[in-house]
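Going by our numbering, the sequence shown runs without a break in its numbering and finishes at 240. Ideal placement from N, C-alpha and C gives every residue a C-beta, glycine not left out. What follows is a single structure, written as structure tokens, with notes after it.
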Amino acid sequence: MNDKQLVALQAAKYVKSGMLVGLGTGSTANYFIEELARRQRDEGLKINTVASSYVSEEYAKSLYLPTVTFDSVHTIDLYVDGADEITPDMILLKGRGSDLVKEKLLAKAATQFIVVADASKLVNHIGQNFSIPIEVIPFAWQLAKKSLEALSGVGHLRPNEAKDDFWMTSHGSYVLDMKFDKNLSVRDLNTMLNNVPGVVEHGIFLDLADATLIAENGAVIEHWI
Ligand code: 5RP
Numbered sequence: 016m017n018d019k020q021l022v023a024l025q026a027a028k029y030v031k032s033g034m035l036v037g038l039g040t041g042s043t044a045n046y047f048i049e050e051l052a053r054r055q056r057d058e059g060l061k062i063n064t065v066a067s068s069y070v071s072e073e074y075a076k077s078l079y080l081p082t083v084t085f086d087s088v089h090t091i092d093l094y095v096d097g098a099d100e101i102t103p104d105m106i107l108l109k110g111r112g113s114d115l116v117k118e119k120l121l122a123k124a125a126t127q128f129i130v131v132a133d134a135s136k137l138v139n140h141i142g143q144n145f146s147i148p149i150e151v152i153p154f155a156w157q158l159a160k161k162s163l164e165a166l167s168g169v170g171h172l173r174p175n176e177a178k179d180d181f182w183m184t185s186h187g188s189y190v191l192d193m194k195f196d197k198n199l200s201v202r203d204l205n206t207m208l209n210n211v212p213g214v215v216e217h218g219i220f221l222d223l224a225d226a227t228l229i230a231e232n233g234a235v236i237e238h239w240i
């Protein structure tokens, strides 16, 4: 069993019958979905799920997990998802995929948000390994980029896989991948990005996680706030 699988199995232990569970997106989240399906089959676990992406929803359905539509949800019991970077104070960078908007909505709506990852995701500060993904309204991307550059942002629109057009998220946004002045605190940066017209959402998840489950070499370390 690999480390991502290990943390996913550990997180699934927090799921109880009767819960509405938010499903994250990515390889670690997929292991979590698989474990929920196993518990439903083998242990009679009775839950509903809501997915943060089309891919996760289809995967859950293929494993016979019941799903509810995103727009029917106003609160969820538990959200479990991976991350691209995790700081010691549980600030996250997410959104290397295309589902930032739904991921942040579920993280905010959840009574508990558990982050699952292997130790490669641990960083000292946000932006250490990746640029910050910033979803922008397509027609506003030039204006939003100019505003972001005035905040020290340097970066470009993410290309699609074929490199013949721009990447479009499932929400219909373009993504600006940007680096910012290292002296800016992540809290200030978060506030600034929230205030840029044309920005739909961004990858900094601040004060949203309740716990991190990190696996390294076959052992899981849990941190709860
Ligand atoms: C998608 C995400 C993922 O959770 C993140 O990229 C981690 O993925 P993985 O579990 O495959 O390492 O934020 O937007």
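- Boundaries of the beta strand (DSSP E) around Asn63: Asn63 to Ala66.
- In the structure shown, Leu80 adopts coil according to DSSP, grouped into three states.
- According to DSSP, Leu108 shares a beta bridge with Glu100 and Ile219.
- Only residues of its own chain outside the window of five on either side were considered, and among them Ser113, Asp114, Leu115, Val116, Glu150 and Val190 have a CB closer than 8 Å to the CB of Thr184, listed in chain order.
- The shortest C-alpha to C-alpha distance from Asp57 to any of Ala66, Leu166, Asn144 and Leu78 is the one to Leu78.
- The three-state reading of DSSP puts Val30 in coil, since its state is none of H, G, I, E or B.
- Rounded to whole angstroms, the separation of the alpha carbons of Trp156 and Lys136 is 29 Å.
- Between Ser146 and Lys194 the beta-carbon gap is near 5 Å, inside 8 Å, which marks them as a contact.
- For Glu50, the enclosing alpha helix (DSSP H) covers residues Ser42 to Glu58.
- An exposed status is given to Asn232, since fewer than 16 other beta-carbon atoms sit within 10 Å of its beta-carbon.
- The DSSP-derived three-state label of Lys119 is helix.
- Residue Pro103 holds the alpha-carbon nearest to the alpha-carbon of Ile141 among Ser167, Lys31 and Pro103.
- By the Cβ-count criterion, Arg202 is exposed, with fewer than 16 other Cβ atoms from all chains shown falling within 10 Å of its own Cβ.
- Beta-bridge partners assigned by DSSP to Lys194: Val169.
- Taking each of Gly59, Leu163, Thr82 and Ala75 in turn and checking the Cα distance to Asn205, the smallest one comes out for Leu163.
- Relative to the ligand 5RP, the beta carbon of Thr43 is positioned inside 6 Å of a heavy atom.
- When Val169, Ser200, Ala159 and Leu24 are compared, the shortest CA-CA separation from Asp96 is found for Leu24.
- Between the segment 216-235 and the segment 19-36 there are three or more C-beta pairs closer than 8 Å, enough to call the two in contact.
- Relative to the ligand 5RP, the nearest heavy atom lies less than 6 Å away from the CB of Arg111.
- In the structure shown, Leu24 adopts helical secondary structure according to DSSP, grouped into three states.
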